[in-house]
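Offset between the sequence shown (1-based) and our numbering: plus 26.
From the three backbone atoms N, C-alpha and C, an ideal C-beta is built for every residue, glycine too.
Structure first, then comments.
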Amino acid sequence: MSNKKLVSMEDIVSLCKRRGFIFQGSEIYGGLAGTWDFGPLGVALKRNIMDLWWKTFVEDREDMYGVDAAILMDQKVWQASGHTATFTDPLVECSNCHSRFRADHLEGDKCPTCGKTGTFSEAKQFNMMFQTNVGSVADENSISYLRPETAQGIFTNYKNVVDSFYPDLPFGIAQQGKAFRNEISPRDFVFRSREFEQMEIEYFIDPKDWEKLFDAWVKDIEKFLSDLGLPESSVHKLEVPKDDLAHYSKRTIDFEFDFPHKRDELLGLAYRTDFDLMNIQNASGKSMEYTVKGTSTKFVPHVIEPSFGVERAIMAVLVSAYTEDEVNGEKRTYLKLPAHLAPVKIAVSPLLKNKPELVTKAREVYDMLKKQHGAVMWDDNGNIGKRYRRQDEIGTPECVVIDFQTLEDDTVTVRDRDTTEQKRVNIIELPGQYR
Ligand code: ATP
């Protein structure tokens with residue numbers, strides 16, 4: 027029987043490193059804090075999550091438009107959006123050990139590094155944008171930033187999409203891509219990184235419809251989280267209290283997840299009114315008004331913004347999938363990933379790797395399955411038990427083994443990750459089985 031224990035951060039970090047999902051960025055030189063590199067299985071898992079999001083929210087809908095905007099944008103974008111002035115976190119420094127912390131993440135006045143109390147400076151506002159210069163002259167006019175969110179690349183393309191596609195309201199523009207924040211203290215594995223990936227949508231609406239459309243987004247997000255394999259019991263909707271809402275927002279829900287470090291924000295859903303488009307209209311002097319087709323009614327649309335972080339989704343998926351049980355008296359760890367997210371769908375092995383006839387037959391099966399499914403792994407390392415353990419740990423739903431009986435009757439063993447049950451299947455029935 028599988029037994030879902032509370033997963034520790036150490037379990038996840040060590041599995042990710044051991045099995046080639048996620049490594050510390052620049053590890054070979056000691057590591058660059060807040061940066062992470064995705065290994066072969068990590069990048070596959072990440073893509074599967076991002077592709078599922080794209081399919082769910084862009085391809086499968088007729089009211090969505092995808093964009094892929096430049097990471098470097100004119101600094102006017104960040105002035106107009108308010109990021110230059112206010113995208114800050116409160117920073118305090120310990121006068122004893124000079125460690126720096128985000129003031130709102132501290133509990134009490136004891137320094138977590140040196141243990142002294144009462145040594146914190148007054149908090150000062152620290153802007154989290156990474157600044158750079160575009161072109162060969164480094165002056166005020168050439169300042170640019172690595173974008174701290176993908177959303178502004180959507181807003182600045184709103185007019186382009188309206189003018190080239192004439193969408194009916196409501197409609198959304200979606201973008202996936204890198205975002206950069208110079209977090210004061212990156213921590214909790216990839217949860218708080220300095221370079222990460224976002225999947226954001228601005229859903230443009232007529233303000234009179236905001237309540238019902240907001241509720242529809244809550245449902246769509248819940249469905250997506252369930253498709254990621256997150257148990258309902260680990261996801262919590264935090265209705266941000268009116269007093270804590272940004273001045274322009276009428277409603278925000280933080281979707282929180284029970285991460286190993288604590289219950290914390292997985293993604294946000296915010297009704298941002300017309301704040302962003304009005305800022306752009308005022309700063310650019312260009313009209314952001316939308317004309318309702320066949321009428322003379324014009325207004326600046328409002329937006330609902332579902333904002334997902336890819337790294338936090340990966341962590342939540344891994345935590346949800348991480349399972350330990352006992353097989354024949356031995357402890358086993360496996361990732362109970364939904365098959366559509368698994369980095370490897372099928373592993374193919376010859377029972378013995380020193381028997382050429384088995385290897386040749388196994389290669390045939392491997393080639394056939396690889397053509398059908400792509401993410402198929404050839405695995406002939408170690409004995410069969412070891413291969414199963416390894417595939418279990420990376421979440422491969424099924425292992426196909428070619429043995430001596432295969433040579434006689436063209437049947438193979440198919441072993442199920444979750445039940446560890448094995449059944450014999452005819453080779454010709456294999457491809458369809460995994461569709
Ligand atoms: P937090 O309060 O945790 O700093 P935030 O409210 O500032 O997050 P948003 O600006 O709403 O986050 O960003 C949208 C999403 O982007 C978040 O819900 C999260 O999934 C992701 N995200 C934000 N900052 C980071 C980060 N430093 N590392 C990884 N993901 C992040």
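Through-space distance from serine 252 to leucine 363, alpha-carbon basis
Leucine 363 and serine 252 have their C-alpha atoms some 12 Å from each other.
In this structure, how does DSSP classify aspartate 442 when only helix, strand and coil are distinguished?
In the three-state DSSP reduction, aspartate 442 falls in the strand class (E or B).
Would you mind stating whether glycine 203 and alanine 95 have Cβ atoms separated by less than 9 Å?
A distance below 9 Å separates the beta carbons of glycine 203 and alanine 95.
Residues bridged to tryptophan 62 (per DSSP)
Paired residues: Gln50.
So is the beta-carbon of leucine 293 under 8 Å away from any non-hydrogen atom of the ligand ATP?
For leucine 293, the CB falls within less than 8 Å of some heavy atom of the ligand ATP.
Quick check: asparagine 74 and alanine 368, are their CB atoms within less than 9 Å of each other?
When the beta-carbon positions are compared, asparagine 74 and alanine 368 come within less than 9 Å of each other.
Just to check, is the beta-carbon of glutamate 36 closer than 8 Å to a non-hydrogen atom of the ligand ATP?
No, the beta carbon of glutamate 36 sits no closer than 8 Å to any heavy atom of the ligand ATP.
With phenylalanine 217 and phenylalanine 285 assumed to form a contact (beta carbons below 8 Å), what rounded beta-carbon distance in angstroms separates them?
Here phenylalanine 217 really is in contact with phenylalanine 285; their C-beta atoms are around 6 Å apart, less than 8 Å.
Got a sec, what are the start and stop residues for the beta strand (DSSP E) phenylalanine 295 sits in?
First, the amino acid is wrong: residue 295 is leucine here, not phenylalanine. Boundaries of the beta strand (DSSP E) harbouring leucine 295: 289-299, taken from the DSSP string.
May I ask you to check if the CB of aspartate 290 is nearer than 8 Å to at least one heavy atom of the ligand ATP?
For the ligand ATP, at least one heavy atom lies less than 8 Å from the Cβ of aspartate 290.
Completely contained alpha helix (DSSP H) runs for the region 223-282, where each covers 4 or more residues:
With a minimum length of 4 residues, the continuous alpha helix (DSSP H) runs that stay inside the region 223-282 are 236-253.
Tell me whether serine 333 counts as near the ligand ATP, meaning its Cβ is closer than 8 Å to at least one heavy atom of that ligand.
Because some heavy atom of the ligand ATP lies under 8 Å away, the Cβ of serine 333 counts as near it: yes.
Check lysine 381 in the structure and name its three-state DSSP category.
When secondary structure is reduced to three states using DSSP, lysine 381 falls in the coil class, being assigned neither helix nor strand.
With DSSP as the reference, label isoleucine 38 as helix, strand or coil.
In the structure shown, isoleucine 38 sits in a helix (DSSP, three-state: H, G or I).
Any heavy atom of the ligand ATP closer than 8 Å to the CB of valine 345?
Every heavy atom of the ligand ATP is 8 Å or more from the Cβ of valine 345, so no.
Residues in the same chain with beta-carbon distance under 8 Å from glutamate 447, minus the five sequence neighbours each way, listed in chain order, please.
The answer, listed in chain order, is Arg441.
Where methionine 341 sits in the DSSP three-state scheme:
It is helical.
Considering aspartate 418, what are the terminal residues of the alpha helix (DSSP H) in which it resides?
Aspartate 418 -> alpha helix (DSSP H) spans 410-420.
Out of Arg338, Thr61, Thr317 and Glu331, which has the shortest C-alpha to C-alpha gap to proline 193?
Of Arg338, Thr61, Thr317 and Glu331, the residue nearest in Cα terms is Thr317.
Using a Cβ-based criterion (distance less than 8 Å to any ligand heavy atom), does proline 193 qualify as near the ligand ATP?
No - the ligand ATP has no heavy atom lying nearer than 8 Å to the Cβ of proline 193.
Inter-residue spacing [alpha-carbon to alpha-carbon] between leucine 32 and arginine 415:
Straight-line Cα distance between these residues: approximately 21 Å.
Got a sec? Which residues, its chain only, sit under 7 Å from leucine 377 by beta carbon, not counting five neighbours each side?
Setting aside the 5 residues that flank it on each side, leucine 377 is surrounded in the same chain by Leu384, Ile410, Val427, Ile428 and Asp429, each with a C-beta closer than 7 Å to its C-beta; the list follows chain order.
Measuring straight from C-alpha to C-alpha, what distance separates valine 93 and aspartate 115?
Just so you know, the alpha carbons of valine 93 and aspartate 115 end up roughly 29 Å apart.
State the Cα-Cα distance for the pair threonine 110 and methionine 155, rounded to the nearest angstrom.
Using only the alpha carbons, I get a separation of about 8 Å.
Alpha carbons only, please: which of Glu133, Thr439 and Trp80 is nearest the one belonging to arginine 450?
Of the candidates Glu133, Thr439 and Trp80, the one whose C-alpha sits nearest the C-alpha of arginine 450 is Thr439.
Is alanine 272 near the ligand ATP, judged by its Cβ being under 8 Å from some heavy atom?
No, the ligand ATP has no heavy atom inside 8 Å of this Cβ.
Is it true that the region 151-165 meets the region 180-187, where meeting means three or more beta-carbon pairs spaced less than 8 Å apart?
The answer is no - the region 180-187 does not touch the region 151-165, with fewer than three Cβ pairs under 8 Å.
Residue interval of the alpha helix (DSSP H) (run including glutamate 434)
Unbroken alpha helix (DSSP H) run through glutamate 434: 430-435.
Arginine 220 CB to nearest heavy atom of the ligand ATP below 8 Å
Placement of the Cβ of arginine 220 at a distance of less than 8 Å from at least one heavy atom of the ligand ATP is found.
DSSP three-state label for leucine 195, please.
Reduced to three states, the DSSP call for leucine 195 is coil.
Based on DSSP bridge pairs, tell me the residues matched to valine 374.
DSSP lists Trp404 and Val426 as partners of valine 374.
Mapping DSSP to helix, strand and coil, what is lysine 142?
Of the three classes helix, strand and coil, the one that applies to lysine 142 here is coil, per DSSP.
Inter-residue spacing [alpha-carbon to alpha-carbon] between serine 52 and proline 196:
Taken atom to atom, the span from the alpha-carbon of serine 52 to that of proline 196 is near 44 Å.
In angstroms with no decimal places, state the Cα-to-Cα distance between lysine 397 and glutamate 455.
Separation of lysine 397 and glutamate 455 (C-alpha to C-alpha, rounded to the nearest whole angstrom) is 15 Å.
Would you check if the distance between the CB atom of isoleucine 48 and the CB atom of isoleucine 340 is smaller than 9 Å?
Yes, the pair counts as a contact, with Cβ atoms nearer than the cut-off.
Mapping DSSP to helix, strand and coil, what is asparagine 153?
Correct three-state label for asparagine 153: strand.
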